[in-house]
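With the UniProt record's numbering, letter number 38 in the sequence shown gets 38, and the count goes up by one each step, no holes. All C-beta atoms in this analysis are idealised placements derived from N, C-alpha and C, irrespective of residue type, glycine included. For reference, the structure discussed in these notes is given below.
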Amino acid sequence: MATKEKLQCLKDFHKDILKPSPGKSPGTRPEDEAEGKPPQREKWASKIDFLLSVAGGFIGLGNVWRFPYLCYKNGGGAFLIPYFIFLFGGGLPVFFLEVALGQYTSEGGITCWEKICPIFTGIGYASIVIVSLLNVYYIVILAWGVYYLFQSFQSILPWSLCGQKWNTPTCVEDTLRKNKTLWLSLNITNFTSPVTEFWE
C-alpha cells in the first residue's frame, strides 16, 4: 500500500511540477519572502551563455588526451563507427533529457527529481556521488600535467637520457639506437627508449 502511494506521484506529475515547493527556496530574498512573492530565479543572459557553460562542463582533458588514445587502442577509424552510434543513440538523448528536465522544473540536479516524484530523489544524490568519485581520478590527471610541466623546465630533459633511477638495463639512448648494425651484431632486439621508460 505504501509503495502504491509513493508511485501515485508518477501519474499526472506535470500538474504539480510547477507549484512552488513548501518552505524557503534556494535564492529567495528575505524581502520577497516577507511580502509573499514567489521566489525569483536567475536566468541566462543569452543562449550563448548557456551553451558555453554547458560546453565547459563536458569538454575537458578527456577530449584532448583520452579520446585519441582510445581510438588508437580500439582500432583507429573503425572505432568511430560504434562510437558515433552510441553517441547519437544514447549519449545525446540522455544529455537533452537532463538539460530539458532542469529547464522545465527550474531546479537543480537533486531537487528536480524530488519535484517530479519524491521516490526519485535518490537519482539526484547518486549523480552527486558519481561526479565526486570521478573528480578523484581527474585531479590525479591534472597533477600529472603539472608535474610533467615542471619536469620540462630542466636544461637536460629527464626522459632524454638513460642512467636515471627508473631506467632498466635495456634502455638505449636514441643516438646509439640509430646504429642498428651494432645492436643486431650483439643480438639485442628488446631495447627500449628512455622516453618510453619515463612515461611508463
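Check: Curious, which full-length alpha helix (DSSP H) runs of at least 4 residues does the stretch 41-102 contain?
Finding: If we require 4 residues or more, the alpha helix (DSSP H) runs fully inside the stretch 41-102 come out as 47-58, 67-73 and 80-86.
Checklist line | Cys171 (DSSP reduced to helix, strand or coil) | finding: It is a strand residue.
Note to self: Beta-carbon within less than 6 Å of Trp44's beta-carbon, same chain only, minus the 5 sequence neighbours each way: which residues are those?
What the structure shows: The answer, listed in chain order, is Phe50.
Item checked: Sequence-distant residues of the same chain with beta carbon closer than 6 Å to Thr111, five excluded per side -> Contacts found: none.
Notebook entry, point to check: According to the neighbour-count rule (16 or more other Cβ atoms, all chains shown, within 10 Å of its Cβ), is Pro194 buried or exposed?
Noted result: Buried, because 16 or more other Cβ atoms sit within 10 Å of the Cβ of Pro194.
Check: In the DSSP assignment, what residue or residues form a beta bridge with Thr192?
Finding: DSSP lists Cys171 as partners of Thr192.
Check: By Cβ distance, which residues of its chain are closer than 8 Å to Leu157, with the 5 residues on each side in sequence left out?
Finding: Gln151, listed in sequence order.
Checklist line | Residue closest to Phe58, alpha-carbon to alpha-carbon, out of Val140, Val131, Ala143 and Gly102 | finding: Ranked by how close their Cα comes to the Cα of Phe58, the residues Val140, Val131, Ala143 and Gly102 have Val131 in first place.
Checklist line | Limits of the unbroken alpha helix (DSSP H) element including Gln151 | finding: First-last of the alpha helix (DSSP H) with Gln151: Thr121 to Gln151.
Next item on the list: Could you tell me the boundaries of the alpha helix (DSSP H) in which Lys115 lies?
Entry: According to the DSSP assignment, Lys115 belongs to the alpha helix (DSSP H) that extends over Thr111 to Ile116.
Check: How would you call Ile141, buried or exposed, if buried means at least 16 neighbouring beta carbons within 10 angstroms?
Finding: Exposed, because fewer than 16 other Cβ atoms sit within 10 Å of the Cβ of Ile141.
Notebook entry, point to check: Going straight from the alpha carbon of Thr105 to that of Lys115, what length do you get?
Noted result: The alpha-carbon of Thr105 is positioned some 8 Å away from that of Lys115.
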